[in-house]
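Residue numbers (the numbering used here), protein chains in the order written: chain A, 2 to 150; chain B, 2 to 310; chain C, 1111 to 1249; chain D, 42 to 446. Even glycine gets a Cβ: it sits at the ideal position worked out from N, Cα and C. Since we're looking at a predicted model, the values are computed, not measured.
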Amino acid sequence: MSDKGTEFFEKFQDKITKVIKKPKRIYFNVKNEDIWEISDYLSNTMGCRLSVCTATEVYDGLEVLYHFSDDTTGIYYSPRVKTGLKNPEINSITPLIEGANWIEREMYDLFGIKFKGHPDLKKLLTINNPHFSEDDHPMRFNRNRTKEK
Amino acid sequence: MLKYLFYLLVFPGFLFASVFGLIVGWIERKVSARVQFRVGPPFFQNFYDVFKLWGKEIILIKNSPYFIFIIAPIIAFASVIMTTTIVGMSFFYHVGIGGDLIFIIYLMFIYSVCLILGSSSTGNVYSSIGAGREMKMLISDELAFVMVILVPIIQAGYKIDLTQILAYQNANGMIIGTASGIIAFIVGIICLQAKMGMVPFDIAEAETEIVGGPLMEYSGPLLAFWKLAHYMMYVFLPMLLVILFCGGMSFASFGSIIAGIGKYLLIVVIMILIRNTNPRVRIDTAINFFWKWASPLALIAVILAIIGV
Amino acid sequence: MAFYNKIIKKSIWVFHVSASPCNNCDIEILDLITPGYDIERFGIKLVGSVRHADVLLVTGIVSYKVAPRIKQLYEQAAKPIFVIGIGTCTAGGATFKTSYNKAGVPLEKVIPVNAYVTGCPPKPEAMIDGVLKLLGTLK
Amino acid sequence: MSKCRIPLGPFHPLLEEAEFFDIKVEGEKVVDIEMETGWMHRGHEKISETRSYTQSIFLVERICGICSTSHPFAATHAMEDIDNVEIPERAQYIRIFIGEMERIHSHLLWLGLAGHFIGYDTLWMWTWKYREPVLQIFEKVSGNRNHYAMFRVGGVSRDFDNALIPEIHPVLDMLEKKMLMIAGAAKDDPVLRSRLKGVGVLTKEDAINYCANGPTARASGVDIDVRRDDGLEYNLINFDVIVLPNGDVYDKLVLRVLEIIESVKIARQCLDAFPKIGGDYLNKVKHISPGEGIGRYEAPRGEVFHYIRSDGSNRPLRHKIRAPSFSNIPTYKASCLGIPLADALITLAAVDPCYCCTERSIRVVDKNNKKLEHNLLTMSREKTANIKKAVAGSEKTPIDRIFED
């Protein structure tokens, strides 16, 4: 791990839990209200690039994994945010990073995770699709198939 | 009377121009294909294309002035036939009607106006953009083209008849041999490119930008009219340049006939090569080019012609 | 009519419709007009406007969103028009056959189809063969 | 001047794929642009519920036909990342070779299409002529012109035939020569320059803010290249990362031409290495343990990202795919506003958008859904029972007797 990474973990040690370290991949859990601060530090202070976010449905809720890539060292920093199955809601980082716009729209589309503070939260991939209604999120296990024949 | 009807319908006019235009169209496609390492279409390809279009459906658009939509290609086609007849008459028979150059300029104008009318009658966005671009092209290349035509007129002693310009050239040598003539000829070829709507000036019909532009909504026989009219322009525009600058074609001997055809084909091939070695320019670049470079250059040629160089 | 069919065989204007494919058939179709295969030899030409087309080449599984547009395109085309489905996707769905967003597998569910050229992707030779075989059925 | 709305697509000759841009123009000037996606969305989720790891490599290959090596490349990286699988050296060279040849063919494809978009059909035909031998090399090496199916977890699925090396060298020489010619032509041609120079500029700040990657970012002066940053196979190879400062379409064109030349050099290094390095080409992996893995690869268009979560079964629990165009396409908002329509179209094309990639598959499998398995099991039992009834109405077959026992 680089010096920048060590500094980062020292600074946020009380906000980060369950760190899994591999040579070039670092996963850790953060709380929903801290994700803005951590994204800000990772992208603006450390100069990481937001690669993408992965949303996953697990047995007790939904989790979103942000992948920040440090292009100088090739290390991935992946903060993980958890939310409930009903009314999933996470703070948006789009006002911070313009590139997160589509990423968050996509997660809203496929998983129904609402991003608080997103400037234009609408569906991305199944938008205007006659087969999918507004609250039909095709990646969820209990899909709301209102329009299915 | 019968003679003129023959001129209009058979020899330099409709029949000849259609057949010859389609053949020149084939040359264009073939040369392009060879430049691009391809084999190219068979000889009768353009005949098949146009014939096939006659059997297709015409689609009219509801709630649009489709009278204009239908009549525009027909008028354009008629005007192109007339132009070809007049140019062909002086090219092949050395007979002319009085003041035919002015007539030609206006007939060519009618073609463009019909294209604009026909395409804007559809109400399609791409067609309207195409019409707008066609109009801008007309504004930009018309001045340069008229000044190019002025040079032979002035050199021939202020005569606006093609036959008299030919007679002057027979007596005094080709106009392309003079300084003003060569400048005007070069500008003239560029103007031809724009008039024909060929790359780099196919801005109005840019297929990858505005889907064929003005012709987008046309289908079946009406499209065939446009295609035929377009191919006929291959016949008379280079011919006009040959008459104005290169002394036309004379039937005095076999050699002179070959020379005449050679001059014509040379201009066609130059146009095709320009077409194949350039990307399409933007509309503002085109207007800039014609108003800042081509028109002043043509003006210089006119001034040189007046002082007699 | 027989004479007309004879002519139409020699002048085929093709419009390329991509309806949720994986892109591969599409670039192979484009490959057809380039020096490697040069289908202009047979009078086949790619056109930009569907009004000019004689043959629609459809690729991919037709998703629910594209399906109405494809139908519209088919109606906008000047008849007679032929439809050829390129790739296994149009005929059987290939690897996407269990997708939740497929509306047109096989393509006949959306528009009438004259021929299928299967393969993932079909070789350019196979596509030429398919088009020419379809034309061979014209009397 | 009044505003006019231009619907670009979904079927437009500029876009080989169906995509919809809603462009608002004043005269010819673009004032607003909005993109609607979802036409190509195929959703691999349901498909992949039945796919094993090996099968899902073939599935991700069909995300996109143009960069059909990049996705398997990244997916195998992700799978290997979970267990830190060692890859034989020969397999590494084969992977690099396939990846670089694909970069060449993809960049040539873009060059040709860019020529086509600006009405320069000769450039199109020429570049695609040079592209044809590359596809033939693929056919010789892997058996198919596209969709090579070369990748496996722990190596490659077939060996490289050393006898092909003398056939490939002339093609590489030809490519290098022709690319230098095209680079020279682009430098000299005034019309081409006037058409591309200073058009659709994406500034460095915008490129960083929009998280752009690949050639789009490198042409704007952002120095990122996954091949160098992530290492892995590419540690074996010497190569330069090309970065250009201006961010306009002209720079993107030149950058791609230079990258082809660089790829030719990498491919040559691979060819030199093949006769020296023998041995195995596949380190067979039978089991992937529970865990998470991230794999990435520099596709011709940018960074391909794959995230795989495994629970120890033969199928991934979650498979996230991010294609480069997904980050690159939104940059149109920064680069297209205020420029003429004719320029907007080539700018849209200049990021080399691959909409099939953008609307790719999202998740591969759900393993927690026990109910589904249960259903399948009961269904198959019912089916077997029905077949039994139908086939053996009166007599009992030997198989039946086994079942009875």
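Assigned secondary structure, residue i (DSSP; H/G/I helix, E/B strand, else coil)
i: Cys115/B; result: helix
i: Gly336/D; result: strand
i: Trp1123/C; result: strand
i: Asn30/A; result: strand
i: Asn1115/C; result: helix
i: Pro316/D; result: coil
i: Pro331/D; result: coil
i: Lys28/D; result: No statement about residue 28/D is possible, as the shown extent of chain D runs from 42 to 446 and does not include it.
i: Glu8/A; result: helix
i: Arg144/A; result: coil
i: Ala260/D; result: coil
i: His132/A; result: coil
i: Thr1200/C; result: helix
i: Ala83/D; result: Position check: residue 83/D holds Arg in this sequence, whereas Ala was assumed. Note: Arg83/D maps to coil in three-state DSSP.
Close-in-space but distant-in-sequence residues of the same chain around residue i (CB under 6 Å, 5 per side omitted)
i: Glu107/A; result: Leu125
i: Ile135/D; result: Val197 and Phe201
i: Ser435/D; result: Summary for Ser435/D: the model assigns pLDDT 46, below 50, so the residue's position carries little reliability; its value from the coordinates is reported in the next sentence. Cβ within range, chain order: n/a, list empty.
i: Asn409/D; result: In this prediction, Asn409/D scores a pLDDT of 40, lower than 50, which makes its location untrustworthy; the coordinate-derived value is nonetheless stated afterwards. Once the five neighbours on either side are set aside, Asn409/D has no close Cβ partner at all.
i: Tyr232/B; result: Gly22, Leu23 and Gly26
i: Lys181/D; result: Leu205
i: Ile268/B; result: Pro239 and Leu242
i: Gln1186/C; result: Val1160
Interface partners of residue i on chain D, CB under 7 Å
i: Asp285/B; result: Pro381
i: Gly278/B; result: Here residue 278/B turns out to be Thr, not Gly, going by the sequence shown. Those are Thr163, listed as they occur along chain D.
i: Lys1155/C; result: Here the premise fails: no neighbours, minimum Cβ distance about 12 Å.
Contact under 8 Å by Cβ, residue i with residue j
i: Thr55/A; j: Leu66/A; result: yes
i: Tyr8/B; j: Met90/B; result: yes
i: Val126/D; j: Val326/D; result: yes
i: Ser120/B; j: Ser128/B; result: yes
i: Thr84/B; j: Ser235/D; result: no
i: Leu213/D; j: Ala308/D; result: yes
i: Val1127/C; j: Leu1183/C; result: yes
i: Met136/B; j: Ile117/B; result: yes
i: Ile123/D; j: Glu333/D; result: yes
i: Ile387/D; j: Ala155/D; result: yes
Contacts that residue i makes with chain D (C-beta to C-beta distance below 8 Å)
i: Pro201/B; result: Gly160 and Val232
i: Lys1233/C; result: Arg186
Contacts of residue i in chain D (Cβ-Cβ under 9 Å)
i: Gln37/B; result: Asp162, Thr163, Trp165, Met166, Trp167 and Lys170
i: Val126/B; result: Cys45, Arg46, Ile47 and Pro48
Chain A contact residues for residue i, given Cβ-Cβ distances below 7 Å
i: Tyr1210/C; result: Pro139
i: Tyr1174/C; result: Asn130, Pro131 and His132
Partners in chain B for residue i, counting only beta-carbon separations shorter than 8 Å
i: Arg236/D; result: Pro280, Arg281, Val282, Arg283 and Thr286
i: Asp384/D; result: Arg283
Sequence-distant residues of the same chain with beta carbon closer than 7 Å to residue i, five excluded per side
i: Pro66/B; result: Ser122
i: Lys25/A; result: Gly75, Ile76 and Tyr77
i: Ile318/D; result: Glu130, Arg131 and Tyr134
i: Val1220/C; result: Val1172, Ala1177, Ile1180, Lys1181, Ala1213 and Gly1214
i: Lys57/B; result: Ser220 and Gly221
i: His119/A; result: Ser93, Thr95 and Glu105
i: Asp1141/C; result: Tyr1147 and Pro1234
Residue-chain proximity (residue i, chain F), Cβ-Cβ < 8 Å
i: Trp151/D; result: No chain F is part of this structure, whose protein chains are labelled A, B, C and D.
Contact set between residue i and chain C, taken where Cβ atoms lie within less than 9 Å
i: Met217/B; result: Gly1158, Ser1159, Arg1161 and His1162
i: Ser109/D; result: Cys1132, Asn1133 and Asn1134
Interface partners of residue i on chain B, CB under 7 Å
i: Gln69/D; result: Correcting the residue type first, residue 69/D is Glu in the shown sequence and not Gln. Within 7 Å Cβ-Cβ: Ile284.
i: Glu1150/C; result: Ala34, Arg39, Gly41 and Pro42
Chain-order list of residues whose beta-carbon lies under 8 Å from that of residue i (same chain, five-residue window excluded)
i: Ile284/B; result: Arg134, Lys137, Met138 and Ile204
i: Asn279/B; result: Val200 and Pro201
Which runs of the alpha helix (DSSP H), 4 residues or longer, sit entirely within the segment 179-203 of chain B? 180-197
Length at least 4, wholly inside the segment 184-213 of chain D: the alpha helix (DSSP H) runs in chain order: none
Length at least 4, wholly inside the segment 109-160 of chain D: the alpha helix (DSSP H) runs in chain order: 111-124 and 130-158
If we require 4 or more residues per run, which alpha helix (DSSP H) segments fall completely within the segment 144-183 of chain B? 163-173
Would you list, in sequence order, the uninterrupted alpha helix (DSSP H) runs of no fewer than 4 residues that lie entirely inside the segment 334-383 of chain D? 365-369 and 373-377
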